[in-house]
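Colleague: In the numbering used here, the protein residues as written are 251 to 537. Backbone N, C-alpha and C fix where the C-beta goes; we use that ideal spot for every residue, glycine too. Handing you a structure now.
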Amino acid sequence: MSRAWERIRRNPVPSLLKSLLEDHLDPGYAASAADRAAGRSSTSPRASRAWLGVGVLLAGLVIGVAYAQNADVQAGTDSTRAEILDSLRAGDERIAALTAQRDELGAAVDERRTALFSDGGDGATILDRLRDAETAAAATPVRGPGITVTLTEPAARPNLSDAARLEDRPTALVLDRDLQSVVNALWAAGAEAVEVGGVRVGPGVTVRQAGGAMLVDNRPVFSPYTVSAVGSPSRLQTSFVVSDAYLRIAGIQQLYGVGFTLAEEDDLEFPAATVRKLGSSGETGYR
């Protein structure tokens, strides 16, 4: 019984594991070393040099082809970028020319209309109503005193030790609803006209975020974000500092370090907003 027990191996060592532990060199290396010791070689020195030359030639060929392809791609990318930039510049020039032409035609129409309706009576009343409608639609330039609210993204903090806090921080701390609240508060305070980041706010103009970018009327604006309003500076400031928007922005300033300033302006000049054609919908057919 004891002999049978002795023959039983509780933890047999696998042959592969045993070979890895005991045979440190592959048999092929050992055979090659033995051949070199005996002066035998499977290939002649001339053949070895030939194969080495072929390898170097192939490596050089591959590197040359890769370099040529990379140069072609880079040249194509540069030319494409140049074409896109030229197209953008041409588009900007075209837009500027059309805008100037529109302003000239609008001024001519205004002069003609004023000449027709300035004879008094019903004509003057109609002209006043048209001017009020244009002002409400932000279709005319505006100039006068007012205030400017500026919101600035805080500077980055490279010395933060809490990695989780750094990762959880959003890319933008000033959100579209913050600017929306400021705009609404200025309108409620009696502003005659409002401009956000150089874009006049009128009917159909939106302030929103898309992909981390702040868009006003689908035009990107960047920090520092300025919200300017034309009107009585004292009245605008008094009404704005007691509004919910002021409390909201002040809280963001204290919590996240967002820059927040409010300043009086002696002379603000806003261009006319983009006038869009308003559509209407109705039912068609039979129910």
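1) Applying the criterion that 16 or more other CB atoms from any shown protein chain within 10 Å of the CB defines a buried residue, is A316 buried or exposed?
2) Just to confirm my understanding: we take L355, look at its own chain, exclude 5 residues before and 5 after, and list those with CB closer than 8 Å. What are they?
3) Leaving out the 5 sequence neighbours to the left and right, which residues in its chain are closer than 6 Å to V572 when beta-carbon positions are compared?
4) CB-CB under 7 Å to T511, same chain, minus the five flanking residues each way: which ones, in chain order?
5) My output table needs one value for E384: the three-state DSSP class, helix, strand or coil.
6) Could you have a look at G396 and say whether DSSP puts it in helix, strand or coil?
7) Given a threshold of 16 other Cβ atoms within 10 Å of its Cβ, counted over all protein chains shown, does P391 qualify as buried or as exposed?
8) Go ahead and pull the three-state DSSP assignment for E403.
9) Could you give the C-beta distance for L486 and V457, rounded to a whole number, given that I count them as a contact under 8 Å?
10) With a Cβ-Cβ cutoff of 7 Å, do P483 and I397 count as a contact?
11) Which residue comes first and which comes last in the alpha helix (DSSP H) that contains V432?
12) Got a sec? Which residues, its chain only, sit under 6 Å from P474 by beta carbon, not counting five neighbours each side?
13) Classify F472: buried if its beta carbon has 16 or more other beta carbons within 10 angstroms, exposed otherwise.
14) Could you say if the region 377–385 and the region 357–368 meet the contact criterion of at least three C-beta pairs nearer than 8 Å?
15) Tell me the rounded alpha-carbon separation between A383 and T327.
16) Could you pull the start and end residues of the beta strand (DSSP E) that T476 belongs to?
17) If you follow the alpha helix (DSSP H) that F490 is part of, which residue opens it and which one closes it?
Modeller: Let me lay it out:
1) exposed
2) none
3) There is no way to answer for residue 572, as the model of the chain reaches only from 251 to 537.
4) The beta carbon of T511 is closer than 7 Å to those of T400 in its chain, skipping five residues each way along the sequence.
5) Helix.
6) strand
7) With fewer than 16 other Cβ atoms from the protein chains shown falling within 10 Å of its own Cβ, P391 counts as exposed.
8) Looking at E403 - three-state DSSP - the assignment turns out to be coil, as it is neither helix nor strand.
9) So it is not a contact: roughly 19 Å between Cβ atoms.
10) yes
11) 426–438
12) T400, T402
13) exposed
14) yes
15) 50 Å
16) 475–480
17) 483–490
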